[in-house]
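Okay, so here's the structure we're looking at.
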Amino acid sequence: AQSVTQPDIHITVSEGASLELRCNYSYGATPYLFWYVQSPGQGLQLLLKYFSGDTLVQGIKGFEAEFKRSQSSFNLRKPSVHWSDAAEYFCAVVNRDDKIIFGKGTRLHILP
Amino acid sequence: NAGVTQTPKFQVLKTGQSMTLQCAQDMNHNSMYWYRQDPGMGLRLIYYSASEGTTDKGEVPNGYNVSRLNKREFSLRLESAAPSQTSVYFCASSVRRASADTQYFGPGTRLTVL
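Line by line, the protein sequences are chains A and B.
The numbering used here puts the first residue of the first sequence at 2, with every later residue one more than the last.
The numbering used here puts the first residue of the second sequence at 108, with every later residue one more than the last.
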């Protein structure tokens, strides 16, 4: 069955430092992949998505993600984080039944 | 545009009580979804409606019913609430059903069942 794994439950980085959040998926064909962000007390918002083509995807708020088929990964990156980036981040994949499967999330903490 | 709205924001129920969570979207989207979010579990799909007049089960449908009242509104009903249904519930919508489309989420309803 298709699945998404986010290995890190919590990540803490200093403001201004670079960020990489990991996501691994299990899917036979070329997947549809997403990163969503959830700020405290809010619903989810789409950061970026990958369907095909260029494996480096640009999103909102300065985020990017790279699809690596050989590693079954779709890691999210940002070169310099801001305090407002503190949130929970969810990776997601669409399965064969055309349903979106979310990972369990990574909570990002920012140190001043 | 309000986007996706949900009512109520908070609710406390006793075991066995019933209630309906309301969701409405003003983006003229065809597809709507109900998720629950539990700590350490991510989001899990309860039910979805690919288009007006259709509903389908998701990953965790037991104990819930849904109604797609019209294109704008998609309600979730708990007929006999149980403590295991304590969760945060999110409604979402998209132009088309899943795969290619961005889902837009409401702010959530925090439900506690005592």
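Yeah, the Cβ is synthetic: ideal placement off N, Cα and C, and Gly gets one too.
Is there a Cβ from chain A that is less than 8 Å from the Cβ of residue i?
{"i": "MET139(B)", "result": "no"}
{"i": "GLY123(B)", "result": "no"}
{"i": "GLY70(B)", "result": "It is not possible to answer for residue 70(B), since the shown part of chain B is limited to 108 through 221."}
Let me check one thing: in DSSP terms, what residues is residue i bridge-paired to?
{"i": "VAL5(A)", "result": "TYR26(A)"}
{"i": "TYR171(B)", "result": "Its beta-bridge partners do not exist; DSSP assigns none."}
{"i": "SER134(B)", "result": "Here residue 134(B) is Met; the residue named in the question, Ser, does not match the sequence. Note: MET134(B) sits in no beta bridge, so no partner."}
{"i": "THR219(B)", "result": "VAL119(B)"}
{"i": "ARG184(B)", "result": "THR127(B) and ASN172(B)"}
{"i": "PHE52(A)", "result": "Answer by DSSP bridge pairing: none, since PHE52(A) is not bridged."}
Where residue i and residue j are concerned, what is the direct C-alpha to C-alpha distance, given to the nearest angstrom?
{"i": "SER85(A)", "j": "GLY215(B)", "result": "21 Å"}
{"i": "HIS136(B)", "j": "ASN172(B)", "result": "21 Å"}
{"i": "LEU20(A)", "j": "SER74(A)", "result": "16 Å"}
{"i": "GLN59(A)", "j": "GLU67(A)", "result": "9 Å"}
{"i": "PHE91(A)", "j": "SER125(B)", "result": "31 Å"}
{"i": "SER156(B)", "j": "ARG175(B)", "result": "7 Å"}
{"i": "VAL119(B)", "j": "GLU89(A)", "result": "25 Å"}
{"i": "LYS116(B)", "j": "SER200(B)", "result": "18 Å"}
{"i": "LEU112(A)", "j": "GLY160(B)", "result": "49 Å"}
{"i": "ILE10(A)", "j": "THR107(A)", "result": "5 Å"}
{"i": "SER158(B)", "j": "GLU16(A)", "result": "44 Å"}
{"i": "TYR154(B)", "j": "ARG179(B)", "result": "16 Å"}
{"i": "ASP55(A)", "j": "LYS69(A)", "result": "11 Å"}
{"i": "TYR26(A)", "j": "VAL5(A)", "result": "4 Å"}
{"i": "THR112(B)", "j": "ALA18(A)", "result": "36 Å"}
{"i": "LEU185(B)", "j": "SER71(A)", "result": "44 Å"}
{"i": "GLY165(B)", "j": "ALA87(A)", "result": "30 Å"}
{"i": "TYR37(A)", "j": "PHE103(A)", "result": "9 Å"}
{"i": "PHE64(A)", "j": "ARG151(B)", "result": "25 Å"}
{"i": "ALA93(A)", "j": "LYS121(B)", "result": "34 Å"}
{"i": "PHE181(B)", "j": "MET134(B)", "result": "13 Å"}
{"i": "ILE61(A)", "j": "TYR142(B)", "result": "24 Å"}
{"i": "ARG23(A)", "j": "GLN192(B)", "result": "30 Å"}
{"i": "SER40(A)", "j": "GLY123(B)", "result": "32 Å"}
Any heavy atom of the ligand FMN closer than 7 Å to the Cβ of residue i?
{"i": "TYR142(B)", "result": "Only the bare structure without any ligand can be found here, which leaves the ligand FMN out of the picture."}
Note down, in chain order, every chain A residue with its Cβ under 9 Å from the Cβ of residue i.
{"i": "PRO214(B)", "result": "GLY42, GLN43 and GLY44"}
{"i": "PHE197(B)", "result": "GLY44 and LEU45"}
{"i": "GLY165(B)", "result": "LYS100"}
Assuming the contact rule is C-beta atoms closer than 8 Å, residue i and residue j should be a hit. Round their C-beta distance to whole Å, please.
{"i": "VAL170(B)", "j": "ALA189(B)", "result": "For the sequence presented, residue 170(B) should be read as Gly rather than Val. Going by Cβ atoms, the distance from GLY170(B) to ALA189(B) rounds to 7 Å, so yes, they are a contact pair."}
{"i": "GLN129(B)", "j": "MET139(B)", "result": "The pair is not a contact, with the Cβ atoms about 12 Å apart (cut-off 8 Å)."}
{"i": "TYR51(A)", "j": "LEU34(A)", "result": "5 Å"}
{"i": "VAL95(A)", "j": "PRO32(A)", "result": "7 Å"}
{"i": "GLN46(A)", "j": "TYR28(A)", "result": "Rounded, the Cβ-Cβ distance is 24 Å, inconsistent with contact."}
{"i": "LYS105(A)", "j": "GLY149(B)", "result": "4 Å"}
Using a Cβ cut-off of 7 Å, pull out every chain B residue sitting near residue i, in sequence order please.
{"i": "GLY106(A)", "result": "GLY149"}
{"i": "PHE103(A)", "result": "GLY149 and LEU150"}
Below 7 Å on C-beta distance, what does residue i contact in chain A?
{"i": "ARG204(B)", "result": "ASP99"}
Residues of chain C with CB under 8 Å from residue i, in chain order?
{"i": "LYS50(A)", "result": "Among the chains of the structure shown, chain C does not appear; the protein chains present are A and B."}
Which residues of chain B have a Cβ atom closer than 8 Å to the Cβ of residue i, listed in chain order?
{"i": "PHE91(A)", "result": "GLY149 and LEU150"}
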